[in-house]
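Top to bottom, those sequences are chains A and B.
One rule links them: number in our numbering = place in the first sequence (from 1) + 289.
One rule links them: number in our numbering = place in the second sequence (from 1) + 11.
Each residue gets a CB set at the ideal place from its N, CA and C atoms; glycine is no exception.
Values in this document were obtained by computation on a predicted structure and should not be read as measured data.
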Amino acid sequence: MSEDLRARLRRAEDELRSQVDAQARLAFLAAISLELDSSHEVDETFLRVSRMMVPAVADACLVYLRDDGGPRLVAAAHLDVAQERALRAHVPGCPTLVERVDEVLRSGTPIESGVECVCADGLPARYADGVLVPLRARGRVFGGLWLARDRLGADSRMLDVGFVDDLGRRVALAVDNALLHRQRRDNVIALQRRLLPPTLPRTPQFEFAAAYEVADVSLDVGGDFYDVVRQPGGAFALVVGDVCGRGASAAGLNGLSRHTLRLLLEEGWSPADALARLNRSIRDEGNLAQFCTVLVVSLTPVDGGATGTVTSAGHPLPYRIEAGGTVTECGRNGQLLGVFPQLRTEDVPIRLGVGDTLFLYTDGVTEARGPAGLFEDRLAAELAAAPGSSAAETVERVRAAVTAYRRSAADDVAILAARLRAPDAEGMLTRDEGVGARGE
Amino acid sequence: MVNDVVLLVEDSDEDVEAVRRALRVTHPAVRVEHVSSGGELVPWLSASGRPALVLLDLNMPGLDGQAALQAARERAEFAEIPIVVFTSSTRSGDVDRAFEAGASGYLVKPLSFQLLQQSLARTVTYWLTKAEA
């Protein structure tokens, strides 16, 4: 074979290898982009990234985040779990690596860097080849990605600065998105907490309990709300509402409704008058697209029971669960809030006996859809199934039944229950009273 | 005695063929042996001796990879055999469970053949070199 032919064969071989390498890099970029798109959790993203990099690109992978105290290791992978454990144990306190990572975080410039560790318990010359790149998004370096070849490993043609830097940019963008997603979720949770009462009143006469679940499809703020308000003369007003829509606009109406009603009911307004005043406030805002339904039940303890009123502004009516297990719907429907200039509702009298429970809910309960239709057809039977339950037990049983029944959480769920204690139980509070807010 | 055998525990014929093709190019001296269920791992090791490496799929009918791994690690004579989990899952929970069960490594099945070839080449090279070191 002539020298010329050998040279041409070598060139052809090099060219073919370059093409194969390029295909492998493109394939890896596509695969990791797909993987990054599928995760909105920061920690999970880092773990998945490190697991994909090893061994496709390198033998070892470390991911750092920049913290106030300096670089913090958030993920580590090695194709040998024994070495992975050694890395995890050694790396956080290794001055050699910390110095290199610091350098990249400061400069924002990738470097080729193996680790010639000087620590007494270090990793001497184990990683001769390595690449350390910054993780940068929106002009800010927030972390670093280190990929390296173990001295026992094969040469990696993927392990070059340009390619790893490209990987780093994609990872950074995905992580930045995940960080934004986490921040938004935290904001939603904080706002949701402000839209619900932090606790329910603890009284000798009534047990109160509530549950709340946000349908976490879009991470919007839920539109349901509930409250229990102390009224003059020892009465309590139970409030449950459902605002049209979700998100910031619904949250605004949610806050307006709950706080307006709380103020007016505390001042002694009748439920019908308080709802009429709230109706004017909503309409005064001038947004004809916003409306809501609200149910108010006012209860006053009397000898041998409690008397009060049920007032519905377009909201599903409550159920009375008698101590013996009989379940009855109470009240009469009125108009929903924000639609009509003159709201028509009616304060319908109600009486509770000792041990009776009043059960209020939003349509996330009745409209939960399962294989056999809506949960609405099952609610009364569910309430009658365990007479004598505490308010908290009733709330939890229905919440669990709805969750088990529905195919997906399409709507928020708010549940509120009040049970009249027996006179000999006055002054005693059960351990399970309180509020269970979920979806956080 | 370590030989140049890679035992592949995998129920997908397609994946078996891909691994064979990949290693035929990068490690022609390596022989790929294959069993198609987790229940065959321990009997194979008992009958055939120590391979250089076991690649173990997780999701298989019958005894799955996780259970097969635990069964192998319960036997002292198989404690040092490199068993690398070979799966499509990158979920951290699956990784943690595999390591708790005694996996020596975790190899995510790549979507492309080139990546599979590179990943397998790195994995096999590492474990062969480590065995000789």
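Straight-line spacing of the CA atoms in valine 450 of chain A and isoleucine 400 of chain A works out to 7 Å. With a minimum length of 3 residues, the unbroken runs of beta strand (DSSP E) contained wholly in the stretch 459-547 of chain A fall at 495-502, 513-519 and 525-532.
Contact annotation: in the stretch 312-328 of chain A, residues whose CB is within less than 7 Å of a CB in chain B are Gln312, Ala313, Ala316, Phe317, Ala320 and Glu324.
Of the candidates B:Thr134, B:Val65, B:Asp15 and B:Ala33, B:Asp15 places its Cα closest to the Cα of arginine 42 of chain B.
With 16 or more other CB atoms across the displayed protein chains lying within 10 angstroms of its CB, valine 420 of chain A is buried.
Within the stretch 336-368 of chain A, contact with chain B at the beta-carbon level (separation under 7 Å) is assigned to Leu336, Arg337, Arg340, Met341, Pro344, Ala345, Asp348 and Leu368. Counting along the chain, the unbroken alpha helix (DSSP H) around proline 344 of chain A starts and ends at 331-345. Contact fails between the stretch 687-694 of chain A and the stretch 634-645 of chain A, because fewer than three Cβ pairs, one in each stretch, are under 8 Å apart. Contact between the stretch 453-468 of chain A and the stretch 478-495 of chain A is not established, with fewer than three Cβ pairs separated by less than 8 Å. Only Val106, Phe110, Ala114, Ser115, Gly116, Tyr117, Leu118 and Val119 from the stretch 106-120 of chain B bring a Cβ to less than 8 Å from some Cβ of chain A.
Using a 10 angstroms sphere on the CB of valine 380 of chain A, the tally of other CB atoms reaches 16 or more, which defines it as buried. Distance from the Cα of alanine 371 of chain A is smallest, within the candidate group A:Thr385, A:Gly359 and A:Asp348, for A:Asp348. Taking 9 Å as the Cβ-Cβ cut-off, the stretch 457-483 of chain A has no residue approaching chain B. For phenylalanine 110 of chain B, the enclosing alpha helix (DSSP H) covers residues 103-111. Selection B:Val135, B:Glu111, B:Thr136 and B:Thr98 evaluated against valine 119 of chain B yields B:Thr98 as nearest (Cα-Cα).
Its chain contains no residue whose beta carbon lies nearer than 7 Å to that of histidine 548 of chain A once the 5 sequence neighbours on both sides are disregarded. In this structure, leucine 554 of chain A places its C-beta atom within 8 Å of the C-beta atom of valine 518 of chain A. Under the Cβ criterion (8 Å, minimum of three pairs), the stretch 50-59 of chain B does not count as touching the stretch 25-33 of chain B. Within the same chain, Cβ atoms closer than 7 Å to the Cβ of serine 130 of chain B are found at Leu118 and Pro121, the five residues on either side in sequence being excluded. Counting C-beta pairs with one atom in each stretch, the stretch 622-640 of chain A and the stretch 656-664 of chain A have fewer than three that are closer than 8 Å, which means they do not touch.
Relative to the Cα of valine 393 of chain A, the nearest Cα in the group A:Pro344, A:Arg696, A:Thr600 and A:Gly359 belongs to A:Gly359. Under the Cβ criterion of 8 Å, leucine 64 of chain B is not counted among the residues facing chain A.
Judged by DSSP in its simplified three-state form, alanine 707 of chain A adopts strand.
Under the three-state reduction of DSSP output, serine 57 of chain B falls in the helix class.
For glycine 642 of chain A, the enclosing beta strand (DSSP E) starts and ends at 637-642. Taking a Cβ-Cβ cut-off of 8 Å, the neighbours of glutamine 125 of chain B in chain A comprise Val309, Gln312, Ala313 and Ala316, given in sequence order. Any Cβ of chain B closer than 8 Å to the Cβ of alanine 443 of chain A would place that residue at the interface, and such an atom is present.
Within chain A, the residues placing a beta-carbon under 8 Å from that of serine 130 of chain B are Pro344 and Ala345, ordered along the chain. Residue-level contact by beta carbon holds for valine 370 of chain A and chain B, with a gap shorter than 8 Å. The Cβ-Cβ distance between alanine 707 of chain A and leucine 668 of chain A does not fall below 8 Å. At a Cβ-Cβ threshold of 8 Å, valine 586 of chain A and leucine 626 of chain A do not count as neighbours.
Between the stretch 86-95 of chain B and the stretch 56-66 of chain B there are three or more inter-stretch CB-CB distances shorter than 8 Å, so the stretches are counted as touching. Boundaries for proline 72 of chain B: no alpha helix (DSSP H) harbours it, and the DSSP string shows neither H nor E there. Under the DSSP assignment, alanine 301 of chain A falls outside any beta strand (DSSP E), being part of the alpha helix (DSSP H) whose first and last residues are 292-326.
For aspartate 418 of chain A, the uninterrupted beta strand (DSSP E) run begins and ends at 418-426, by DSSP.
Counting C-beta atoms within 10 angstroms of its own C-beta, glycine 620 of chain A has 16 or more neighbours from the protein chains shown and is therefore classed as buried.
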